[in-house]
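To keep things clear, I will list the structure first and then write my remarks on it.
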Amino acid sequence: MTGQGAVGEAGQEAAPETDVPAAPLAPGTRRPGGRTARTRAAVRDAVLTGLAEHGYPGLTVEYVAEHSGVHKTTLYRRWGNLEGLVVDALDLAGEDGWAPPDTGSLEGDLRALAHMTADAFTDPAAAAAPTAFIAAAFQSQRAAEALSAFYSERFARCEVIVARAVARNELARHTDSGALVRAVASPLFLRLFITREPVDEALADRAADAALAAARAGVFSTPPIPTPPISAEPA
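Per the numbering used here, the sequence shown starts with residue 129, numbered consecutively.
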């Protein structure tokens, strides 16, 4: 579920930049294009490469400076510290064009979503950076908050899966889309990061099918919002 935006082609270098704004931009803020955007992308790529190679404990500002081509003083001025670099890399990942699958059925969508989640973490090359992000969240509060915001936004994008299913009369109207999507991913994440057991296509299908069965049974239903009574007008 990380999608292609969670990890990018790393290792690209940019020329040193000296005219970068001093204040870091808050996560979720739209960034300008041009040279500043290219520099930010180069720094993001260096952070991803460093996380993949050394993990969060081994990543340094010096490494990011060397591999991005951006001077260390500029990195400190704009991003503050290593945490700021990791947080911004996650924020940039959340600005991608990832969209949930649209197969024409709820079962197909959930299975495809489960496969996307499994594939993102079972390919060693693709999994290195997002796995490091998750590890960083256990060591940095700011990284944890950024990771939570990243996945909250991903789950919000998946609301359309439930909306389409409701329109096709596959689900009740008051199904909690966030709870359903989390139920698909949770068994996979348990094996990937807790028990360290293998994850394959059969397991992904089983996770999706279990979540689907629960949704059809009303497990993820939310109570409708009651309509306030209309008070009688005084005579």
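For each residue, glycine too, the CB sits at the ideal point set by N, CA and C.
These numbers come from a predicted model, not from an experiment.
By alpha-carbon distance to residue 286, the top candidate from 263, 346, 312, 275 is 312.
Here DSSP, grouped into helix, strand and coil, assigns residue 231 to coil. Under the 8 Å Cβ criterion, the region 162-179 counts as touching the region 201-220, having at least three qualifying pairs. By the 16-neighbour rule on beta-carbons within 10 angstroms, residue 322 is exposed.
The C-beta distance from residue 210 to residue 188 rounds to 7 Å, short enough to meet the 8 Å contact threshold. In the DSSP secondary-structure assignment, residue 177 is not bridged to any residue. Under the criterion of beta carbons closer than 8 Å, residue 303 and residue 261 do not qualify as touching, at roughly 29 Å. Separation of the CB atoms of residue 283 and residue 239 is rounded to 17 Å, and the pair is thereby denied contact status at 8 Å. When DSSP states are grouped into helix, strand and coil, residue 196 belongs to the helix group.
For the set 167, 207, 328, 289, the Cα lying nearest the Cα of residue 340 is the one of 289. Separation of residue 222 and residue 280 (C-alpha to C-alpha, rounded to the nearest whole angstrom) is 10 Å. Taken through DSSP and simplified to helix, strand or coil, residue 201 comes out as helix. In the displayed model, residue 188 falls within coil according to three-state DSSP, outside both helix and strand. When rounded, the separation of the alpha-carbon atoms in residue 300 and residue 190 is 53 Å. Where residue 331 is concerned, the enclosing alpha helix (DSSP H) starts and stops at 329-344. Looking only at 345, 342, 331, the smallest Cα-Cα distance to residue 243 is reached by 331.
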